[in-house]
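Report on the structure given below.
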Amino acid sequence: MILTRPGNKRRIAAKITPHFPDHDLFIDLFFGAGGMFFNKEKSKHNIVNDFDSEVYNLFQVITTRKEELARFWEIMPVHEDLWKYWRENKESDPIRKAARFLFFSNFGFMGRMATMKFDRSNTYWLVLMRLSEVQKQLQGVQLMNCDFRDVIRRISLRDGGHKKAFIYADPPYLDTKGGTYEGFTKNDSIDLFTCLLESNCRFAISEFNHPFILQLARTNQLNVIEIGERQNMKNRRMEILITNY
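Numbering (this note's numbering), first residue to last: 534 to 778.
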């Protein structure tokens, strides 16, 4: 992994993946930092999607222009002046845009651009080292930049392909804010459940045990698996996995 983002599944992927069914096609609707994808066995075919253009651009650049990104990163000053400049200015060039996103993700407190953290580790060099590893892991992977509602209908699953496909959804948790979906709503959650149910594919959704989410699962006769408690600065909540198999 090369991104630091709140809520990524890197630390608990090992608790979740044993509940995944066998599959040939893995579809990740909310790729983010790739916490699940990079910490599970790679499937025969993989489609990863994120509505955030920053996420899409970064991994597209790593896949197709990794050497250019590495050269830019090598000459980039890790300095508060650059932090302040990039907070006020976006980049249109794909390489500089990717570097800016990596910079905030790796040098920002909790992966955000609000505060630059004093870094005592080898973060700068670790990013360079991981570029090749991430590029290798993304070989043959189809990247998409769509709203989750559009992903399934854009994928052609012919000749019973839905039986070999598995969809994983790790949406922004209900009643939380951050990321491209600024405030994932109850209607968003309803749409997500509807899209997955209509896909006729096996699927799993990561969420907290929010009463509304639990009610959606019961209404649709889905399974709820408790993964374990997670604690942030405000509260402690139960991480769950909702499945239709």
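Where a beta carbon is used, it is the ideal one built from N, C-alpha and C, also for glycine.
- Shown here, Ile608 sits in a helix according to DSSP, grouped into three states.
- Nearest to Asp585 by alpha-carbon distance, out of Asn733, Leu562, Thr648, is Leu562.
- Across the set Thr537, Ile545, Met534, the C-alpha of Ile545 shows the shortest separation from the C-alpha of Gln764.
- Under the three-state reduction of DSSP, Phe745 is assigned to helix.
- For Val660, there is no enclosing beta strand (DSSP E); the enclosing alpha helix (DSSP H) covers residues 656-670.
- Assignment of Ser739 by DSSP, reduced to helix, strand and coil, places it in the strand class.
- Boundaries of the beta strand (DSSP E) harbouring Asn579: 578-582, taken from the DSSP string.
- Annotation for Leu635: the continuous alpha helix (DSSP H) segment containing it runs 627-640.
- When DSSP states are grouped into helix, strand and coil, Arg751 belongs to the helix group.
- Checking the DSSP bridge columns, you'll see Glu759 partnered with Ile773.
- For Trp658, the number of other beta carbons within 10 angstroms of its own is below 16, and it is reported as exposed.
- About 15 Å separates the beta carbons of Glu621 and Lys630, which is beyond the 8 Å limit, so they are not a contact pair.
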